[in-house]
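What follows is a short report on a single structure.
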Amino acid sequence: MLSLIGENCEAASSNVLFSGNSLNAGQALNYGSYKFIMQSDYNLVLYDGGRAIWASNTNGKGSACSLRTQYDANLVISNTGERPV
Numbered sequence: 012m013l014s015l016i017g018e019n020c021e022a023a024s025s026n027v028l029f030s031g032n033s034l035n036a037g038q039a040l041n042y043g044s045y046k047f048i049m050q051s052d053y054n055l056v057l058y059d060g061g062r063a064i065w066a067s068n069t070n071g072k073g074s075a076c077s078l079r080t081q082y083d084a085n086l087v088i089s090n091t092g093e094r095p096v
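See below:
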């Protein structure tokens, strides 16, 4: 299971993104055959066994984008300056 946890914690496993932490370009959450990756083109994609099954379609919509779990439990892709894309 890929998890987004609403508590602040310094350490995280490869399938957990805690509130306040970011998933930057090239980083991924992994669970079994699933991979949730912020690609270098800033498109957030969920793969199952190498096949894309969901995408945010945010490729090319910003620079230095990252996925962040906010403390209010919102999941946001933002670019430089923390502006949502």
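Going by this note's numbering, the sequence shown opens with residue 12, and the numbers climb by one from there. Idealized CB from N, CA, C, for every residue including glycine.
On the CB-based measure, 16 or more other CB atoms within 10 Å of its CB, does N85 come out buried or exposed?
Under this definition N85 is an exposed residue.
Nonlocal neighbours in the same chain, by C-beta distance under 7 Å from S74, ignoring five residues either side:
Counting only Cβ-Cβ distances below 7 Å, and skipping sequence neighbours, we find N90, T91.
What do you get for R79, buried or exposed, if any count of 16 or more other CB atoms within 10 angstroms of its CB means buried?
Burial check for R79: the Cβ neighbour count within 10 Å reaches 16 or more, so the residue is buried.
Buried versus exposed call for N54 [16 or more other C-beta atoms within 10 Å across all chains shown]
By the 16-neighbour rule on beta-carbons within 10 angstroms, N54 is buried.
Hey, S33 and Y82: beta-carbon distance below 8 Å or not?
No, these two residues do not count as a Cβ contact at 8 Å.
Buried versus exposed, by CB contacts within 10 Å (16 or more), I48:
With 16 or more other Cβ atoms within 10 Å, it is buried.
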